[in-house]
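In the numbering used here, the protein residues as written are 98 to 292.
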Ligand code: HEM
């Protein structure tokens, strides 16, 4: 389905609409993997998250991005995903992960970070479901726990900063393309870990 948006909508609203299909397909694929059936299935999801967060980790150390986005370093979640895997006594995925550099063009970096930060918002739904496996912010589901300020508020802090960055129309399209590439990349990680 095509969702109509206009340039009067904020960038984050347009990004949500533009990636609705790729997000929906990813959600379905992950949930079809029955990740809450037991801890070993959940660990597959953690390995997907590890691959994703390993690939984008350098972005959180970029001074140029830090100047535009509040609390950027604090939003980094690779360490929490690593601890979640260690809680479940899982080996970390191999080093075949292609990591992005911290010198990406700004619009590309913003698209990838939109997907990473949005997944934190959606992660609150998964966090509640992980309770059935005895997992929480102290064990196994650390990276899904909401920020103490509340997940929605933390997300709004990010989108307000994302929306305020001034970009040309061509760069707007680059942000959307990068967000789409990020979703497709996570889908690729799912194919590796769930097949
Ligand atoms: C690593 C995999 C995932 C990524 C990268 C991801 C990405 C995103 C993004 C970017 C958003 C923000 C949309 C926006 O408001 O602009 C979001 C929200 C959301 N996601 Fe996901 N997602 C993932 C997995 C899942 C799964 C498995 C589910 C469960 C079926 C899910 C459910 C949701 C929900 C319910 C929201 C909306 C939360 C709200 O508006 O309060 N996501 N996700």
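Ideal Cβ placement from N, Cα and C applies to all residues, glycine included.
- In the three-state scheme derived from DSSP, where H, G and I count as helix and E and B as strand, residue 163 is classed as helix.
- With a cutoff of 7 Å on beta-carbon distance, residue 165 and residue 289 are scored as not near each other.
- Within its own chain, the residues whose Cβ lies closer than 7 Å to the Cβ of residue 146, once the five positions on either side in sequence are excluded, are 178, 240, listed in chain order.
- Exclusion of residue 226 from the 6 Å shell around the ligand HEM follows from its C-beta lying no nearer than that to any non-hydrogen atom of the ligand.
- At a Cβ-Cβ threshold of 7 Å, residue 197 and residue 152 count as neighbours.
- Between residue 160 and residue 254, the C-beta spacing is not below 7 Å.
- When secondary structure is reduced to three states using DSSP, residue 106 falls in the coil class, being assigned neither helix nor strand.
- Judged by the Cβ position, residue 200 fails to qualify as a neighbour of the ligand HEM at the 6 Å threshold, every heavy atom of the ligand being at least this far.
- Per the coordinates, the alpha-carbon of residue 276 lies some 11 Å from the alpha-carbon of residue 114.
- Pairing residue 185 with residue 140 gives a Cβ-Cβ distance under 7 Å.
- Leaving aside the five residues that flank residue 223 on each side, the residues in its chain whose CB is nearer than 6 Å to its CB run, in chain order, 241.
- The region 178–264 contains no complete beta strand (DSSP E) run of 3 or more residues.
- The residue from 209, 292, 256, 143 with its alpha-carbon nearest to that of residue 279 is 209.
- About 5 Å separates the beta carbon of residue 136 from that of residue 230, a gap short enough to meet the 8 Å contact definition.
- Contact between residue 284 and residue 108 is absent: CB atoms are separated by about 23 Å, not below the 8 Å threshold.
- Within its own chain, the residues whose Cβ lies closer than 7 Å to the Cβ of residue 199, once the five positions on either side in sequence are excluded, are 155, 156, 158, 159, listed in chain order.
- Between residue 170 and residue 163 a beta carbon distance of about 7 Å is seen, short of the 8 Å cut, so the two are scored as contacting.
- In the three-state scheme derived from DSSP, where H, G and I count as helix and E and B as strand, residue 156 is classed as helix.
- In the assembly as shown, residue 191 is an exposed residue. Its beta-carbon has fewer than 16 other beta-carbons within 10 Å.
- Excluding sequence positions up to five before and after residue 251, its CB lies within less than 6 Å of the CB of 244, all in the same chain and listed in chain order.
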